[in-house]
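Take the sequence shown: its position 30, counted from the start at 1, is 30 in full-length UniProt numbering, and no numbers get skipped. Data block below; observations after.
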Amino acid sequence: MDLSIRTAEKNDYESLLPLFKQVHELHVAERPDLYKENSTPVEQEFFESQLIDNQQHIFVAVIGNDIVGVIVTKEEETPENSFVKARKVLFINSLCVDETHRKKGVGKKLTTYVFDFGRSLRVDSIELGVFEKNKSAIEFYKSMGMTTKSRKMEIKYN
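Structure (structure tokens):
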């Protein structure tokens with residue numbers, strides 16, 4: 001498998017849309033109370049705004065001419081105050097490997113690439129959110145060396 005990783009470009013949008021749909025459909029299936037069905041979960045204008053935002057970074061995994069994975073990140077800084085230390089965090093907002101290329105190391109290579117990228121930015125940590133029921137994602141992130149930092153809890157009212 002001749003896989004390369006590069007920064008996403010404006011003309012990648014059409015190739016990325018099926019990946020964005022796969023992630024969104026997972027979210028809709030898991031939490032229909034929060035996510036609504038949408039055939040275009042990431043509008044082109046929003047995608048392009050991410051590309052020009054210096055704090056956001058989108059990387060794609062490519063085999064030949066085909067984009068087979070994407071990882072979307074965003075830098076956030078917390079200034080020091082009387083109760084917290086200053087921190088710089090790189091958040092992974094989304095990771096998707098095309099369903100036809102899963103379990104082949106694409107996600108691992110994308111995530112490792114972002115870990116190295118985060119080191120180059122000199123961030124204090126790389127963080128992400130994952131649904132509690134998404135056991136395969138949790139196991140994947142654990143296999144990459146990540147640990148649980150906190151847990152969000154809720155009580156839902158209908």
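Built from N, CA and C at the ideal position, the CB exists for glycine as well.
- Beta-bridge partners of G69 (DSSP): A61, V97.
- Relative to I52, the option among L90, G69, K74, S15 whose CA is nearest is K74.
- Contact check for L95 against T112 fails: the beta carbons are separated by 8 Å or more.
- Burial is judged here by how many other beta carbons sit within 10 angstroms of a residue's own beta carbon; I155 has fewer than 16 and is exposed.
- The beta carbons of K85 and E77 sit about 12 Å from each other, so the pair does not count as a contact at 8 Å.
- When secondary structure is reduced to three states using DSSP, S125 falls in the strand class.
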